[in-house]
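A short worksheet on the structure shown next.
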Amino acid sequence: MKATLIACVEAYLALTTLTQQPTDYKTACTLLTLKRALQGQVQFFQQEERKLADKYAKHDEKGKIVWRTDTSFAFADPAQAPDYARERGDLCEVIPPEEFPELSIKPPEQITVAQLEALEPFLTFKEEGGK
Numbered sequence: 158m159k160a161t162l163i164a165c166v167e168a169y170l171a172l173t174t175l176t177q178q179p180t181d182y183k184t185a186c187t188l189l190t191l192k193r194a195l196q197g198q199v200q201f202f203q204q205e206e207r208k209l210a211d212k213y214a215k216h217d218e219k220g221k222i223v224w225r226t227d228t229s230f231a232f233a234d235p236a237q238a239p240d241y242a243r244e245r246g247d248l249c250e251v252i253p254p255e256e257f258p259e260l261s262i263k264p265p266e267q268i269t270v271a272q273l274e275a276l277e278p279f280l281t282f283k284e285e286g287g288k
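Each residue of the sequence shown is one higher than the one before, starting from 158 at the first, in our numbering.
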């Protein structure tokens with residue numbers, strides 16, 4: 158199965174939360190398999206996103222990015238914000254060459270809509286007995 162980089166990132170974030178909940182061994186192994194499969198794509202996305210931030214951000218006297226929040230930086234030239242948004246959007250839509258395994262698990266007792274949406278491209282949720 159193929160997926161965009163942003164789909165990989167969103168699924169990884171959903172897994173990070175979901176894997177904190179106790180579950181049966183088989184489900185835990187499946188979730189870990191998927192998390193490991195996505196990890197390289199997430200790291201690549203983070204590296205490339207950081208390069209974009211470095212390209213467009215305002216830097217302090219030590220050459221470090223001036224961050225407004227944990228995820229938002231000050232632009233060196235605010236007029237370039239649309240260029241940054243376009244390049245980041247292009248990065249999000251990159252389709253990695255890797256194929257992701259088709260995995261299925263029994264539905265968790267609780268899951269948020271956001272987690273379900275992020276994981277659906279990578280996981281099939283099946284009740285015991287294949288339903």
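Glycine is no exception: its CB is placed at the ideal position from the N, C-alpha and C atoms. The model shown is predicted, which means the values in this text are computed figures rather than measured ones.
My guess is that residue i and residue j are in contact by the Cβ rule of under 8 Å, so how many angstroms apart are they, rounded?
i    : j    : result
T184 : K263 : 6 Å
I252 : K192 : Rounded, the Cβ-Cβ distance is 20 Å, inconsistent with contact.
A214 : A233 : 6 Å
L175 : Q237 : L175 to Q237, Cβ: 37 Å. No contact.
Assign residue i to one of three DSSP states: helix, strand, or coil.
i    : result
I163 : helix
T190 : helix
T269 : coil
F279 : coil
H199 : Note on identity: in this sequence residue 199 is Val, with His being the wrong assignment. DSSP places V199 in helix when its eight states are reduced to three.
Q177 : coil
E244 : helix
E255 : coil
Might you give, ordered along the chain, the residues of its own chain that have their beta carbon closer than 6 Å to the beta carbon of residue i, omitting 5 neighbours on each side?
i    : result
T281 : S261
E167 : A275
Using DSSP's beta-bridge definition, name the partner residues of residue i.
i    : result
F230 : W224
L260 : L280
A214 : F232
Taking the beta carbon of residue i as the centre, do at least 16 other beta carbons fall within 10 Å, making it buried, or is it exposed?
i    : result
A242 : exposed
Q196 : exposed
V270 : exposed
C186 : exposed
Taking 7 Å as the limit between beta carbons, can you name the residues of its chain near residue i, skipping five residues before and five after?
i    : result
V199 : C165, V166, Y169
W224 : F230
Skipping 5 residues on each side, what residues in its chain have a beta carbon closer than 8 Å to that of residue i?
i    : result
L172 : L188, L191, K192, L195, L276
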